[in-house]
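**Q**
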Amino acid sequence: MDPLSDVLTAISHPTRRAIIGQLANGPARFLDVAKLFDTALNAVTKHLKLLERAGLIERRKQGREVSISFRGERLREVAGWVNEYERFWNERLDQFERYFEDRKEKVKEMTTASTRTVEVKVERTIPAPPSEVFDAWLDPKIPGTPWHENNKLIVNAKVDGLWYWLSSGGTPHYGRFVEIDRPGRIRHSWMSPNTLGEESMVAVTFQKKGEGTLMILRHSGLPNDDMAKAHDKGWNSIFDRFESIFVRGK
């Protein structure tokens, strides 16, 4: 057995640790050490031999008396070994902790990115009063509305009413009306493959502006910038056609 193992074995027993604790106060006679423990003298002798073999104590005979003293340098060697391993594992645990902190930050960034949504805003001034523009926007027969020229169409324009249309390219769009306040505001949810199946919200307001109507559409909850750009292009195209109906009609 190597010297370090001898020391670790020696201090593994509570009685031997108690002996070391007593001797740390200064040398003592064998009998003074033995009487501190409720055990046979031969048992104390065995403990002392193990401590002596490990180099933790030193016995000296002075006449008929045996003096026992503590040798602290051996424990300092063990402490140095323990400290080295403590440093090693503390470094590893610090690295482990930093790894999970970094991972936590990355997950947070990914979650923030995945929950961040984009809004598109489109507006036009239509040369007609708000009530006329409002009614026209909900009329599937009028070109330039979202409901016009689709292969399949359902529009139940009332609160909690559902709408659905299938584009000429085969892309389904659907949602539910949540607010219809004639002639000021229409709001409905909007879902399609282009919103990654997530619910977005379309709000259209109609405000009197001179003899015309300031029409503002906000499409919020779009999943990312690419989808926002696509919807911005689509809504601007729809508004251009819708506006042209009123311009030509003047």
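The working numbering numbers the first residue of the sequence shown as 1216 and each following residue consecutively. Even for Gly, the Cβ is constructed at its ideal location relative to N, Cα and C. All figures in this text were calculated on a predicted structure; none of them were measured in a lab.
Could you give the residue range of the beta strand (DSSP E) that holds TRP1380?
**A** First-last of the beta strand (DSSP E) with TRP1380: 1377–1381.
**Q** Are the Cβ atoms of VAL1419 and MET1430 separated by less than 9 Å?
**A** Yes, they are a contact pair.
**Q** Quick check: LEU1290 and LEU1271, are their CB atoms within less than 9 Å of each other?
**A** Yes. Within cutoff.
**Q** Got a sec, what are the start and stop residues for the alpha helix (DSSP H) TRP1352 sits in?
**A** Taken as a continuous stretch (DSSP letters only), the alpha helix (DSSP H) holding TRP1352 covers 1345–1352.
**Q** Where are the beta strand (DSSP E) runs, 3 residues long or more, that stay fully inside the stretch 1361–1427, in chain order?
**A** As far as the stretch 1361–1427 is concerned, its whole beta strand (DSSP E) runs of at least 3 residues are 1367–1370, 1377–1381, 1387–1396, 1400–1405, 1415–1424.
**Q** Is the CB-CB distance between GLY1436 and GLU1414 below 9 Å?
**A** Against a cut-off of 9 Å, the Cβ pair of GLU1414 and GLY1436 comes out as a contact.
**Q** On the CB-based measure, 16 or more other CB atoms within 10 Å of its CB, does HIS1403 come out buried or exposed?
**A** HIS1403 should be labelled buried.
**Q** For ILE1234, count neighbouring Cβ atoms within 10 angstroms of its own Cβ and tell me buried if that reaches 16, exposed if not.
**A** ILE1234 comes out buried.
**Q** From the DSSP output, read off the bridge partner residues of PHE1285.
**A** Partner(s): ILE1272.
**Q** Report yes if the C-beta distance between ALA1351 and THR1360 is below 9 Å; otherwise report no.
**A** Yes, they are a contact pair.
**Q** For VAL1259, count neighbouring C-beta atoms within 10 Å of its own C-beta (all shown protein chains included) and say buried if the count is 16 or more, exposed if not.
**A** Label assigned to VAL1259: buried.
**Q** Which residue comes first and which comes last in the beta strand (DSSP E) that contains ARG1339?
**A** Residues 1333–1341.
**Q** How long is the line joining the alpha carbons of PHE1454 and LEU1377, rounded to whole angstroms?
**A** Going by the C-alpha atoms only, they are around 22 Å apart.
**Q** Residues in the same chain with beta-carbon distance under 6 Å from LEU1474, minus the five sequence neighbours each way, listed in chain order, please.
**A** Beyond the ends of the chain as shown, which are 1216 and 1465, falls residue 1474; an answer cannot be given.
**Q** For my contact list, ASN1439 and VAL1333 are in at a C-beta cut-off of 8 Å; report their separation, rounded to the angstrom.
**A** So it is a contact: roughly 7 Å between Cβ atoms.
**Q** For ARG1244, which three-state DSSP category applies?
**A** Residue state, collapsed to three classes: strand.
**Q** Buried or exposed: which applies to PRO1345, given that a residue is buried once 16 or more other Cβ atoms fall within 10 Å of its Cβ?
**A** Looking at its Cβ environment, which holds 16 or more other Cβ atoms inside 10 Å, PRO1345 is buried.
**Q** On the DSSP letters alone, give me the boundaries of the alpha helix (DSSP H) that ARG1231 sits inside.
**A** 1229–1238 is the extent of the alpha helix (DSSP H) around ARG1231.
**Q** For HIS1446, count the other beta carbons within 10 Å of its own beta carbon; 16 or more makes it buried, fewer makes it exposed. Which is it?
**A** It is buried - the Cβ of HIS1446 has at least 16 other Cβ atoms within 10 Å.
**Q** With distances taken from CA atoms, which of ARG1463, LEU1353, GLY1278, TRP1304 is nearest GLU1394?
**A** That would be LEU1353, whose Cα lies nearest to the Cα of GLU1394.
**Q** Closest to ARG1433 by CA distance: which of VAL1335, LYS1356, ASN1366, PHE1252 is it?
**A** Of VAL1335, LYS1356, ASN1366, PHE1252, the residue nearest in Cα terms is VAL1335.
**Q** For LEU1251, does the three-state DSSP call read helix, strand or coil?
**A** If DSSP states are grouped into helix, strand and coil, LEU1251 belongs with coil.
**Q** Should PHE1285 and ALA1239 be called a contact, given that it needs their Cβ atoms to be closer than 9 Å?
**A** For PHE1285 and ALA1239, yes; Cβs fall inside 9 Å.
**Q** Report the rounded CA-to-CA distance for GLY1241 versus VAL1248, giving the unit in angstroms.
**A** C-alpha separation (whole angstroms): 11 Å.
**Q** Does the distance between the C-beta of LEU1368 and the nearest non-hydrogen atom of the ligand MN fall short of 8 Å?
**A** The model on display carries no ligand, and the ligand MN is accordingly not part of it.
**Q** What does the alpha-carbon distance come out to for the pair ARG1232 and LEU1223?
**A** The alpha-carbon atoms of ARG1232 and LEU1223 are separated by roughly 11 Å.
**Q** Measuring straight from C-alpha to C-alpha, what distance separates ILE1357 and PHE1461?
**A** Looking at the two C-alpha atoms, the distance is approximately 11 Å.
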